[in-house]
Ligand SMILES: Nc1ncnc2c1ncn2[C@@H]1O[C@H](COP(=O)(O)OP(=O)(O)OP(=O)(O)O)[C@@H](O)[C@H]1O
Ligand SMILES: [Mg+2]
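Residue numbers (my numbering): 12 to 345.
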């Protein structure tokens, strides 16, 4: 495919296109001629399959060479022990396929992840209690160590591994690497909970120019080197703004933004930033939706084209959002 003449964000080299993606790209299937993989049921007529591919074409052309920041919620990765109904391995594998597909057709995905439930699980295992204030985990020095171990050492590795079964593509990093995220304490009473002060996206641009997929754990540091635990939605919004991303996508454990959080029938398919801000002010968006809403608002006001909040538990939700006309979840625009 020959895409539009899009330079890489770093400006040093052309954005890696499908040829570059092929060099590092997905491992070829053992038998390309095999009629039907488990994901490709024989019951789907050939013309329907062709129609689906054609439907993707304008989206591939539009987002070729464009950065898309995708935040993967820790709640999707919730351990089976907490919620046997959730198969987080399958959810992660489907997410990894979507990310690799995006990369393979010339988009530049950047993954940011959470890990709240996984942190809570390790804290419980080592017998350390967790206190939440205003939705944030009060983080003393011991808690910060545990947060880092889980986010950088476990969740980040799990996502990188899932992507790299398709080829040498993902590189895991934390906001501490190359001063990617400079942070400051959010409030004295929360301990080492941080807010983003500045993003230095040079490292991300370098990785993207090499055809790689950065996977970011959300620890930042202040100028003295002190680490902080930062909400992953906040980081995703700040990275999308700093990278001038075309899209910011949140994969979470709810169908999208709802006018009543508990009512699935109250899903709002489209929202303006002003309407979303009003939902936060009125209390219609609560808890984990607040940092997501604030991140959408911040990113769009900084020039990011659109933000989406989708149910990451639905197989290939990301693929449906990026490559088809079907509106899934909530889209937020200026
Ligand atoms: N108006 C609303 N519409 C939809 N969900 C809402 C709303 N207000 C609050 N919520 C809550 O926000 C939650 C999503 O945020 P949450 O922080 O729990 O998940 P996450 O950000 O995907 O995971 P993590 O924080 O681990 O990365 C939903 O499960 C829902 O309970
Ligand atoms: Mg959250």
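Glycine is no exception: its CB is placed at the ideal position from the N, C-alpha and C atoms. Keep in mind that this is a model prediction, so the values were computed, not measured.
A direct Cα-to-Cα measurement between residue 167 and residue 241 gives close to 15 Å. With a threshold of 7 Å, the Cβ atom of residue 240 does not count as near ligand 1, since no heavy atom of the ligand is closer than that.
Counted as a single uninterrupted DSSP element, the alpha helix (DSSP H) harbouring residue 100 occupies residues 99 to 115. Placement of the Cβ of residue 297 at a distance of less than 7 Å from at least one heavy atom of ligand 1 is found.
DSSP lists 260, 342 as the beta-bridge partner residues of residue 319.
In this model, residue 319 and residue 283 are separated by some 12 Å (Cα to Cα). Per DSSP, residue 167 is one residue of the alpha helix (DSSP H) stretching across 167 to 175. Contact annotation: the region 179 to 187 does not touch the region 131 to 138, with fewer than three C-beta pairs closer than 8 Å. Residue state for residue 303 is assigned as helix, using DSSP reduced to three classes. A heavy atom of ligand 1 is found nearer than 7 Å to the CB of residue 264. Look at residue 60: its beta carbon is at least 7 Å from all of the heavy atoms in ligand 1. For residue 289, the shortest C-beta to heavy atom distance toward ligand 1 is 7 Å or greater. For residue 226, the beta-bridge partners assigned by DSSP are 122, 183. Residue 160 is classed as exposed because its beta carbon has fewer than 16 other beta carbons within 10 Å across all chains shown.
Judged by their CB atoms, residue 148 and residue 200 are not nearer to each other than the 8 Å cut-off. Distance from the C-beta of residue 306 to the nearest heavy atom of ligand 1 is not below 7 Å.
Around the CB of residue 99, 16 or more other CB atoms lie within 10 Å, so the residue is classed as buried.
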